[in-house]
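Working notes, beginning with the structure itself.
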Amino acid sequence: MAHIERLRLYPVKGLDGIDVDTVRITDAGTLAGDREFAMCDPEAEAVETGADMQTLAYNGKQTDRIHDVRTTFDPETATLTVEPKTGGERRAFDLSTEAGRADAGAWFGDFVGDPVEFRRHEPPAFVDRPDAGPSIISTATLSEVASWFEGMSVEGARRRLRANVEVDGVPAFWEDRFVGADAPEFVVGEGDGAVRFEGAEPCARCVVPSRDPETGDPLPAFRERFVERREATFPEWADRDAFDHLYTVMLISRVPEVSRERAISVGDDVTVRTTAGNSKGSV
């Protein structure tokens, strides 16, 4: 049976994720606590649009130094703990306060060699596509992608691709079916608390998946190998016209307003629902 296998949030954009058992869909259609904080250029104006998120909020696209630090985050206290992989003092910062964010910004600024300001953003937070919702991938997709590269584990693929919602009990590239002409939707859970997910777009990838999440070292010819294997394994149930190119994996979803302010949990059943002429049914 298709079900939610894993829920992973990224409390600070670009840093390590945390697994959670349950997460609330915000009134903006994003996951509560995901990319709530970001490291920004102190000179930048308010970061609001998707273009702002991708250029003014630091992540692995801007600096590979992010791979040189381990981080954990306690969502109960908003405490970010950092530890350089090459040794150095382990530090903890309370991101719920201005003073804590200032201290974290000073530490990371020294670490990456650029001025950094930690900022907090109300939902939709610092997601790259603030008009969309969570990212979705299947466990089988992660396993398939890992098989394309020598020495890559499923967890390694998981850390490279950084999805929010992982679905098991379905085939590789199951998530591709939710974009394009007459695409279905899927529903998580049952009854009055069920949450509908629609496909917004396939997720085009950047440089980050090519890097080892532990060392930051890039895999040679990663993009070329990825596209070659994606072409060879593209599923028959997907609409190829919905993909601008095949350096793409993972679904960017959209949660309609009727399903917001509800929660999803690990273990919840996932059901695909076909739609007539792309008219989304109600739950």
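Following UniProt numbering from start to finish, the sequence shown increments by one per residue and tops out at 283.
Virtual Cβ for every residue (Gly too), placed ideally from N, Cα, C.
Take the alpha-carbon of PRO124 and the one of HIS67: they are about 25 Å apart. Cβ contact annotation for PRO75 (same chain, cutoff 8 Å, sequence separation greater than five): LEU9, PRO11, ILE18, VAL20 and GLY33, in chain order. When THR97, LYS85, GLY169 and ALA204 are compared, the shortest CA-CA separation from TYR247 is found for ALA204. Around the beta-carbon of ALA46, fewer than 16 other beta-carbon atoms lie within 10 Å, marking it exposed.
Residue burial annotation: THR141 is buried, with at least 16 other C-beta atoms found within 10 angstroms of its C-beta.
Distance from the CA of GLU201 to the CA of VAL179, rounded to the nearest whole angstrom, comes to 6 Å. If you compare the alpha carbons of THR22, LEU31, ARG24 and MET1 with that of ILE252, the shortest gap goes to LEU31. Beta-bridge partners assigned by DSSP to ARG229: none are found. For MET152, no beta strand (DSSP E) encloses it, and the DSSP letter there is neither H nor E.
Secondary structure note for PHE197: its beta strand (DSSP E) is the uninterrupted segment 195-204. When rounded, the separation of the alpha-carbon atoms in GLY87 and PRO213 is 17 Å.
Secondary structure of LEU56 (DSSP, three-state): helix. In the displayed model, PHE93 falls within a strand according to three-state DSSP.
The continuous stretches of beta strand (DSSP E) do not include ASP103, which lies in the alpha helix (DSSP H) extending over residues 98-112. Close CB contacts of GLU261 within its chain, under the 8 Å cut and outside five residues either way in sequence, are with ARG24, ILE25, THR26 and ASP27 (chain order). HIS67 sits in a helix when the DSSP states are folded into three classes.
Contact annotation, ARG159 with PHE111: C-beta distance approximately 20 Å; criterion of less than 8 Å not satisfied. DSSP, reduced to helix, strand and coil, places GLU257 within a helical segment of the structure shown.
Between SER138 and ALA172 the beta-carbon gap is near 7 Å, inside 8 Å, which marks them as a contact. Sorting GLU175, TRP174 and SER96 by C-alpha distance to the C-alpha of PHE37 places SER96 at the top. In the DSSP annotation of this structure, THR215 is not part of any alpha helix (DSSP H), being labelled neither H nor E.
When beta bridges are read from the DSSP output, GLU83 appears opposite ARG70. For the pair PRO130 and LYS13, the Cα-to-Cα distance works out to about 13 Å. GLU76 is not bridged by DSSP to any residue. Distance from the Cα of CYS40 is smallest, within the candidate group ARG101, ARG6, GLU89 and ILE264, for ARG101. Beyond the five residues adjoining it in sequence on each side, GLU117 comes within less than 6 Å, by CB distance, of CYS40, PRO42 and GLY105 in the same chain, given in chain order.
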